[in-house]
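Everything in the sequence shown is counted per the numbering used here, starting at 316 for the first residue and increasing by one.
I have placed the structure first, in the form of structure tokens, so that the comments after it can refer back to it.
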Amino acid sequence: MGRERIELAGAQATIDFGIKIGETLPKQTLVAFFGELGAGKTTLIKGIVEGTTGISRENVSSPTFNYLNIYEGKKGVCYHFDLYRLQGVDEFLSLGFEEYFLSEGICLIEWSEKIVSLLPPKTHFFTLEHAGVTSRILLMEKR
316 MGRERIELAG AQATIDFGIK IGETLPKQTL VAFFGELGAG KTTLIKGIVE GTTGISRENV
376 SSPTFNYLNI YEGKKGVCYH FDLYRLQGVD EFLSLGFEEY FLSEGICLIE WSEKIVSLLP
436 PKTHFFTLEH AGVTSRILLM EKR
């Protein structure tokens, strides 16, 4: 499958696009996020969580210190991982996180490069890149 390239003109456009994505993602979807610090991964995820669960973006934050936030709303559940501090695959497995890949919810994983060997087939790969001070480029690919 080819890549889709989307230009996002600022944080609000990123959230709005995330909401649209979240409204269409089926259950048991895994999205792996890539991009440097400040690329907009968490901003996009805030929109996806809102679109998927109905939970307001203001109540969504990155789980940097505890690795995982679970958002259960009227419309569904999202598992938001932030693996920035993760040491590697062994630590991920020792925490039992791979079990979430089999759940009914949607898994959203920041810093996925740390566990890329564990990602199942049909994972969606989202890469965010800076395109100026506030604009971003989103590359979406399903393998």
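For each residue, glycine too, the CB sits at the ideal point set by N, CA and C.
Ends of the beta strand (DSSP E) at residue i?
i	result
LYS457	450-457
THR442	439-445
Taking CB distances under 8 Å as the criterion, tell me whether residue i reaches chain C.
i	result
GLY362	Judged by its chain identifiers, the structure shown contains no chain C, having just a single protein chain.
With DSSP run on the structure shown, which of helix, strand or coil describes residue i?
i	result
GLU289	This structure does not reach residue 289, given that the chain is present from 316 up to 458, and the question cannot be answered.
GLU400	The question names Glu, but residue 400 in the sequence shown is Arg. ARG400: coil per DSSP, three-state reduction.
LEU433	helix
GLY333	helix
LEU340	coil
Would you list the residues sitting across from residue i in a DSSP beta bridge?
i	result
GLU322	ILE452
ASN381	Paired residues: none, contrary to the question.
TYR386	CYS393
VAL346	LEU423, HIS439
If residue i and residue j are in contact, beta carbons under 8 Å, what's the gap, nearest whole angstrom?
i	j	result
GLY362	PHE396	Their Cβ separation, rounded to whole angstroms, is 17 Å, which puts GLY362 and PHE396 out of contact at 8 Å.
GLU428	GLY350	That pair is no contact at about 10 Å.
LEU398	ILE370	Not a contact, Cβ separation roughly 22 Å.
LEU410	TYR382	7 Å
GLU425	SER377	7 Å
THR442	LEU454	4 Å
For residue i, count neighbouring C-beta atoms within 10 Å of its own C-beta (all shown protein chains included) and say buried if the count is 16 or more, exposed if not.
i	result
GLY420	buried
VAL448	exposed
VAL346	buried
THR368	buried
GLU414	exposed
ARG451	buried
GLU365	buried
LEU423	buried
LYS356	buried
Residue i lies in the alpha helix (DSSP H); which residues open and close that run?
i	result
LEU423	Element bounds for LEU423: not the alpha helix (DSSP H) but the beta strand (DSSP E), 421-425.
GLU413	Looking at the DSSP string, GLU413 is not in any alpha helix (DSSP H), and its letter there is neither H nor E.
LEU359	356-368
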